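For what it's worth, UniProt numbering labels the leading residue of the sequence shown as 1, then goes sequentially.
For each residue, glycine too, the CB sits at the ideal point set by N, CA and C.
This structure is a prediction, so every number in the text was calculated from the model and none was measured.
Only one structure is covered here, and it is reproduced in the block below.
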Amino acid sequence: MSSKAIDLRTVNVTRYITPLREGGSLPALADADDDFKYVIKFRGAGHGSKALIADLIGGEIARFLGFKVPEIVFANLDEAFGRTEGDEEIQDLLKGSQGLNLGLHFLSGAINYDPVVTEIDPETASKIVWLDAYLTNIDRTFRNTNMLSWHKELWLIDHGASLYFHHSWINWEKTAKTPFTFIKDHVLLPQASKLKEADADFKKKLSAEVLQNIVNLIPEDWILWEGSEESPAEIREVYLNFLKIRLNHSEIFTKQAQDARQSLI
């Protein structure tokens, strides 16, 4: 699998269609100037650019590992955009999101994955559970699976709740070596009987170069954090080192997931 540098497209948002109120961050469906529709995640939402960074890193790591993920683009919002929006909450969100935001290609006609209706094979389930334990993604639960069925294929979406260490930015090196207790709530944990195999496979594929290429995608103005004394380069280095350390100690979170699964079956 190639580890060459990744180059994401940038589109300009041309029309705000409708908010998607599944979460508190008010993502929206919008048109862009390439004539495609996107689900836009806004930097002006509750968790700011950190949620966008998590979505970007998580989505591109998932794509590199072979999962189907909607194309991720940088979505530019002009300063004049949204002035005619009647909803004051949405207008404030758009005003606070000028510049680059994150867009995911809209999968028209996709349906939410339903674990009652569709069972995923143990190998795929194990790989997704491993990915989410690695990324510390708290969101892939029965309540909110963040998986879609589109053209009879499984697609992973919304990694914005990953990498939650960056909301405190304290003791991140220690956090990188911890298990992931929330994995007990993962929707696919009961089927994940091949976690050891998934760990061995992905640990070989995720090189330092791959992780560096993905972290390098973070736009500089997403990491110009108010009150931070670290430069964008230093912040990128923390993300990279967190991912490398966590990968090097993957046996910790893999065993946690195995133990959590044993308590379920």
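From residue i to residue j, what distance separates their C-alpha atoms?
i      : j      : result
Glu119 : Leu135 : 23 Å
His47  : Tyr164 : 11 Å
Trp169 : Thr175 : 10 Å
Trp222 : Ile53  : 8 Å
Phe42  : Asp87  : 16 Å
His166 : Trp172 : 8 Å
Met1   : Phe64  : Any reading at Met1 must be qualified, since the residue scores a pLDDT of 49, below 50, and its modelled position is unreliable; no value is offered.
Span of the alpha helix (DSSP H) holding residue i?
i      : result
Asn213 : Ala208 to Val215
Tyr134 : Pro122 to Leu135
Ala198 : Leu195 to Lys205
Asp55  : Gly48 to Phe64
Give every residue of the same chain whose Cβ lies closer than 8 Å to the Cβ of residue i, excluding the five residues on either side of it in the sequence, and list them in chain order.
i      : result
Phe81  : Val13, Tyr16, Leu94 and Gln98
Asn112 : Thr145, Met147, Leu148 and Ser149
Does the distance between the C-beta of residue i and the nearest non-hydrogen atom of the ligand ADP fall short of 7 Å?
i      : result
Ser228 : Ligands in the displayed structure: none, and consequently the ligand ADP is not present.
Locate the beta strand (DSSP E) running through residue i, then write down its first and last residues.
i      : result
Val11  : Thr10 to Pro19
Asn241 : Counting along the chain, Asn241 falls outside any beta strand (DSSP E), though it belongs to the alpha helix (DSSP H) covering Pro232 to Asn248.
Gly103 : Gly99 to His105
Under 6 Å Cβ to Cβ from residue i, same chain only, skipping five residues before and after it: list those, please.
i      : result
Trp150 : Leu107 and Ala110
Tyr239 : Val215
Gly44  : Leu93, Gly96 and Ser97
Using a Cβ-Cβ cut-off of 7 Å (strictly less than) and excluding sequence neighbours within five positions of residue i, which residues of its own chain qualify?
i      : result
Val187 : Pro115, Arg140, Thr141, Phe142 and Thr145
Glu60  : Ile6, Ile72, Ile214 and Leu217
Pro70  : Leu104, His105, Leu107, Trp155 and Ile157
Leu8   : Ile72, Val73, Phe74 and Leu217
Taking the Cβ atom as the reference point for each residue, do residue i and residue j lie within a distance shorter than 8 Å?
i      : j      : result
Lys177 : His249 : yes
Ser162 : Gly58  : yes
Ala208 : Lys255 : no
Ile138 : Phe182 : yes
Ala28  : Leu20  : yes
Leu100 : Asn76  : yes
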